[in-house]
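Residue numbers (my numbering): 5 to 393. Following: one structure in structure tokens, then a few remarks.
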Ligand SMILES: [Zn+2]
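Laid out in structure tokens, this is it:
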């Protein structure tokens, strides 16, 4: 494939290459800082802010019991007591199993079909739902509008191409919970497999202002059917006026990738994916190809570093895996065919986009200042421990 650029640093002066001596984050995060021992600020943040406040032992169990009691109390007499999304990925799959079988909760389970699920993901979802004997509510996203927004994102040349998908999944879940008066939303977010947040230059925030601006500039039709939600709506209106609460139960229990996979494969014939988030064809292509080839950002670095910090992977093993690309060129070409077909552009038009000038969220209208303020407040309140930058 004729991809000319690789690892373009968006006009910034290229720093001398350095990799953390403790994890595998490196200067592909352009603002990473290292201490005198060569340990990066992601690691130091983990040891100083996350680890001391993360208790999945006795204290976690107590907090979980209290939470479950409250959820059951609020859901008394109702068909469901909480709501959760199921992507077929490991974290949400394990959370569903745990919520139903171990905690005896009655979640309404939503699966948002953006049209990109792999066959394996669909099979995993089916097996899990059948195995647990629960109902699944499928929300189908309008294909044309989704493709129009996703193509607009490619044309915008920003790194974070999964934002349209992430946004509609997230908005579907939250809008549904509030509309149906289900107070508690459970998410599979957790420190164990994602205590290092990807830098915002790799993966920017769920920012509706930017989504709309990009669509206005590069989209061709109006967005009328896609579920969307503004930051104000879900951060303030839904939480403070509608009483919605979002919980991360996996942080309150001993949760490891290996145990989760063992349980899921043993109980539900769950098939693992090659990489985290590879349950979607679009995500697989964007993370494994667009982000790596065009920007030089490899999300596996953040994921593996999280696993290193939580003693689930050795640094040496992570480096060995990173020496090879996230997925094969042959699969990338096949995925590119599938994606360009769905988006109604030719492969050469797409390659032209890949070779175009890289942009960042700063090139579009955005709410980054508002978001940064929100994160600052959340950090002061102790609700956000991860680094934001
Ligand atoms: Zn580090």
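Just so you know, even glycine gets a beta-carbon here, dropped at the ideal spot from N, CA and C. Predicted model, so just to flag it, every value in this text is computed and none were measured.
Enclosing beta strand (DSSP E) for residue 250 [first to last residue]: Within the chain shown, numbered from 1, the residue matching residue 250 stands at position 246. Going by DSSP, residue 250 is part of the beta strand (DSSP E) stretching over 249-251.
Buried or exposed (CB count within 10 angstroms, at least 16 for buried), residue 51: For this step, residue 51 is matched to residue 47 along the chain shown. Burial call: exposed.
Around ligand 1, Cβ to any heavy atom closer than 7 angstroms, ordered along the chain: Listed along the chain, these residues meet the criterion: 24, 26, 27, 29, 43, 44, 46, 47, 309.
Of the residues 37, 391, 347, the one placed nearest residue 224, counting alpha carbons only: Within the chain shown, numbered from 1, the residue matching residue 224 stands at position 220. Nearest option by C-alpha distance: 347.
Euclidean distance between Cα positions of residue 35 and residue 183: In the chain shown, counting from the first residue as 1, residue 35 sits at position 31. In the chain shown, counting from the first residue as 1, residue 183 sits at position 179. Here the C-alpha atom of residue 35 lies approximately 41 angstroms from the C-alpha atom of residue 183.
Unbroken stretches of the alpha helix (DSSP H), 4 residues or longer, contained in the region 84-139: Runs found: 94-101, 123-136.
Boundaries (first-last residue) of the alpha helix (DSSP H) holding residue 171: Locating residue 171 in the chain shown gives position 167, counting from the first residue. That run of the alpha helix (DSSP H) goes 167-183.
CB contact flag (residue 195, residue 255, <7 angstroms): Residue 195 sits at position 191 when you count from the first residue of the chain shown. Residue 255 sits at position 251 when you count from the first residue of the chain shown. Closer than 7 angstroms, so yes.
Beta-carbon proximity of residue 360 to residue 161, cut-off 7 angstroms: Here residue 360 refers to the residue found at position 356 when the chain shown is read from its first residue. Here residue 161 refers to the residue found at position 157 when the chain shown is read from its first residue. A contact, by the Cβ cut-off of 7 angstroms.
Which residues DSSP lists as bridging residue 190, in chain order: Stepping through the chain shown from its first residue, residue 190 is reached at position 186. Answer is 88, 251, bridged to residue 190.
Assigned secondary structure, residue 60 (DSSP; H/G/I helix, E/B strand, else coil): Numbered from its first residue, the chain shown carries residue 60 at position 56. In this structure, DSSP gives residue 60 a state outside helix and strand, which the three-state scheme calls coil.
Per-residue burial, residue 244 [other beta carbons within 10 Å of its own, 16 or more giving buried]: On the chain shown, residue 244 is found 240 positions in, with the first residue counted as 1. In this structure residue 244 is exposed. Its beta-carbon is surrounded by fewer than 16 other beta-carbon atoms within 10 angstroms.
Nearest neighbour of residue 19, chosen from 26, 32, 67 [CA to CA]: Counting from one through the chain shown, the residue named residue 19 turns up at place 15. Relative to residue 19, the option among 26, 32, 67 whose CA is nearest is 32.
CA-to-CA distance, residue 105 to residue 355, given in whole angstroms: Numbered from its first residue, the chain shown carries residue 355 at position 351. Numbered from its first residue, the chain shown carries residue 105 at position 101. Approximately 47 angstroms between the Cα atoms of the pair.
Residue range of the unbroken alpha helix (DSSP H) whose run includes residue 151: Residue mapping note: residue 151 aligns to position 147 of the chain shown, counting from 1. 147-160 is the span of the alpha helix (DSSP H), which, as asked, contains residue 151.
Close Cβ partners of residue 169 (< 6 angstroms) along its chain, the five nearest in sequence each way excluded: For the purposes of this step, residue 169 is identified with residue 165 of the chain shown, where counting begins at 1. Non-local C-beta neighbours of residue 169 in its own chain, meaning closer than 6 angstroms and more than five positions away in sequence, comprise 118, ordered along the chain.
CB contact flag (residue 156, residue 222, <7 angstroms): Position 152 of the chain shown holds residue 156. Position 218 of the chain shown holds residue 222. Yes, these two residues count as a Cβ contact at 7 angstroms.
Of the listed residues 208, 112, 333, nearest to residue 411 (C-alpha basis): Look at the range of the chain in this structure, 5 to 393, and you will see that residue 411 is not part of it.
Local conformation of residue 47 per DSSP, three classes: As a first step, residue 47 is located in the chain shown; it is residue number 43 there, counting from the start. Helix, per DSSP.
Member of 284, 151, 102 whose CA lies at the smallest distance from the CA of residue 126: Numbered from 1 along the chain shown, position 122 holds the residue referred to as residue 126. Among 284, 151, 102, the Cα nearest to that of residue 126 is on 284.
Collapsed DSSP secondary structure at residue 196 in the structure displayed: What you label residue 196 is simply residue 192 of the chain shown in a count that begins at 1. In the structure shown, residue 196 adopts helical secondary structure according to DSSP, grouped into three states.
Residue 384, buried or exposed, once every other Cβ within 10 Å from all chains shown has been counted against 16: The residue you call residue 384 lines up with position 380 of the chain shown. Around the beta carbon of residue 384, fewer than 16 other beta carbons lie within 10 angstroms, which makes this residue exposed.
Residues sharing a beta bridge with residue 239, DSSP: Along the chain shown, one-based indexing puts residue 239 at 235. Answer is none; residue 239 lacks a bridge partner.
Whether residue 175 touches residue 269 by CB criterion (7 angstroms): Here residue 175 refers to the residue found at position 171 of the chain shown. Here residue 269 refers to the residue found at position 265 of the chain shown. Not closer than 7 angstroms, so no.
Local Cβ density within 10 Å of residue 352, reported as buried at 16 or more and exposed below that: What you label residue 352 is simply residue 348 of the chain shown in a count that begins at 1. Counting Cβ neighbours within 10 Å, residue 352 comes out exposed, since fewer than 16 surround it.
DSSP three-state assignment for residue 229, whether helix, strand or coil: The residue labelled residue 229 in the question sits at position 225 within the chain shown. Residue 229 sits in coil when the DSSP states are folded into three classes, being neither helix nor strand.
Helix, strand or coil at residue 262 according to DSSP, with G and I counted as helix: As a first step, residue 262 must be located in the chain shown, where it is residue number 258. Note: residue 262 maps to helix in three-state DSSP.
Helix, strand or coil at residue 30 [DSSP, three-state]: Residue numbering aside, residue 30 sits at position 26 when the chain shown is read from its first letter. Secondary structure at residue 30: strand, using DSSP grouped into helix, strand and coil.
Span separating the alpha-carbon of residue 319 from that of residue 27: For the purposes of this step, residue 319 is identified with residue 315 of the chain shown, where counting begins at 1. For the purposes of this step, residue 27 is identified with residue 23 of the chain shown, where counting begins at 1. Cα-Cα distance, rounded: 6 angstroms.
Three-state secondary structure (DSSP) of residue 371: Counting from one through the chain shown, the residue named residue 371 turns up at place 367. Residue state, collapsed to three classes: coil.
Neighbourhood of residue 392 by C-beta distance below 6 angstroms, restricted to the same chain and skipping five residues each side: Here residue 392 corresponds to residue number 388 of the chain shown, with the count starting at 1. Hits under 6 angstroms: 379.
C-beta contact flag for residue 143 and residue 116 at 7 angstroms: To locate residue 143, count along the chain shown from 1; it is residue 139. To locate residue 116, count along the chain shown from 1; it is residue 112. Yes. Within cutoff.
Proximity to residue 389 [Cα-Cα], best of 313, 240, 199: Taking the first residue of the chain shown as position 1, residue 389 is located at position 385. Distance check between residue 389 and each of 313, 240, 199 places 199 closest, using alpha-carbon atoms only.
Cβ shell of residue 173 (< 8 angstroms), same chain only, five flanking positions each side left out: Here residue 173 refers to the residue found at position 169 when the chain shown is read from its first residue. The answer, listed in chain order, is 89, 91, 116, 118.
Residues near residue 107 in its chain [Cβ-Cβ closer than 6 angstroms; skip 5 each side]: One-based indexing of the chain shown puts residue 107 at position 103. Same-chain partners within the cutoff: 72.
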